[in-house]
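According to this note's numbering, the residues represented by the sequence shown are 7 to 151, in order. Note sheet for the following structure.
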Amino acid sequence: MVIEDIIQELPYSKPFLFVDEIMEIDDDHIKGNYTFLQDEYFYAGHFKDNPVTPGVILTECMAQIGMACFGIYLLKGEWNQADFGVAMTSSDINFYQPVYPKEKVTVIANKEYFRFSKLKCKVVMYNSKDVLVAKGIVAGVAFKK
Numbered sequence: 007m008v009i010e011d012i013i014q015e016l017p018y019s020k021p022f023l024f025v026d027e028i029m030e031i032d033d034d035h036i037k038g039n040y041t042f043l044q045d046e047y048f049y050a051g052h053f054k055d056n057p058v059t060p061g062v063i064l065t066e067c068m069a070q071i072g073m074a075c076f077g078i079y080l081l082k083g084e085w086n087q088a089d090f091g092v093a094m095t096s097s098d099i100n101f102y103q104p105v106y107p108k109e110k111v112t113v114i115a116n117k118e119y120f121r122f123s124k125l126k127c128k129v130v131m132y133n134s135k136d137v138l139v140a141k142g143i144v145a146g147v148a149f150k151k
């Protein structure tokens with residue numbers, strides 16, 4: 007599968023799609039990015055006078071790039087959006103810096119294992135200044151519907 011097709015195969019759409027670009031991908035790692043727009047729906051209340059991207063959204067961004075996109079690639083043509091679903095089975099993420107509206111983040115995931123359609127990765131997220139925003143582990147599974 008070519009990089010350009012992977013994002014199109016994701017089972018997400020706006021306003022819950024947090025992948026703009028896949029920059030690198032191979033059997034061991036993926037690198038992608040997303041820019042949080044000024045008008046993202048969650049900024050209206052988090053926080054009302056000082057918008058900050060919620061940690062759960064940062065985790066979702068890391069999972070969409072580091073698990074869903076990577077998993078689709080690793081399935082090597084077996085993936086079909088109509089026949090498969092994806093689910094996160096676990097995450098353990100530590101946060102170090104806030105992410106504000108209009109910030110671009112880069113996510114890098116390195117495969118720990120991929121067996122029986124279950125993927126576990128070490129993930130890191132950096133802001134556009136190459137400052138560590140978050141890091142940890144995400145795991146998930148692709149399943150037939």
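Note that CB positions come from ideal geometry on N, CA and C, so glycine has one too. These figures come from a predicted structure and were not determined experimentally.
- In the DSSP assignment, L138 falls within the beta strand (DSSP E) that extends over L138 to K150.
- Looking at the DSSP output, Y119 shares a beta bridge with K126.
- If you look at T65, you'll find it in the alpha helix (DSSP H) that goes G61 to A69.
- DSSP places F101 inside the beta strand (DSSP E), whose first and last residues are F90 to F101.
- Around the Cβ of Q14, a 10 Å sphere holds fewer than 16 other Cβ atoms; the residue is exposed.
- The residues Y47, in chain order, have a CB closer than 6 Å to that of P21 in the same chain once the five nearest residues on each side in sequence are set aside.
- Separation of V105 and T65 (C-alpha to C-alpha, rounded to the nearest whole angstrom) is 12 Å.
- Per DSSP, E15 is one residue of the alpha helix (DSSP H) stretching across I9 to E15.
- Distance check between V8 and each of A145, F76, Y40 and G91 places F76 closest, using alpha-carbon atoms only.
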